[in-house]
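Residue numbers (our numbering): 210 to 290.
Here a beta-carbon is modelled for each residue, glycine too, at the ideal position from N, C-alpha and C.
All of these numbers come straight from a predicted model, not from anything done at the bench.
The structure appears below as C-alpha cells.
Have a look at this one:
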C-alpha cells in the first residue's frame, strides 16, 4: 500500500525543518570563543567580542567569503611561468 502525497509532503517538510534547526544550532555553536580576562566589557564590545566571549557574528566570514579567500590564496601560490 502506497503512502498518500500529503503524507509524503508532511514528512518532507518535517525533514527540512529538522535540517534547518540542525544547521542553525551548528552555526551558533561554531562561533569562535576568546578569553581576554583583563579587558572591560566596553573594550571587548568595541573590539567585536560579545558578552558570551565569542566573536560577533558580523565579523565572521560567510562560506562564500571563505571560498573566495581560498581561491585568492591558490592563485597567489601559482608561479607565473
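For residue 239, the three-state secondary structure derived from DSSP is coil. Note on geometry: alpha-carbon atoms of residue 283 and residue 276 lie some 11 Å from one another. For residue 225 and residue 218, the gap between their C-alpha atoms comes out near 10 Å.
For residue 281, the secondary structure class from DSSP, reduced to helix, strand or coil, is helix.
When the beta-carbon positions are compared, residue 260 and residue 273 stay at least 8 Å from each other.
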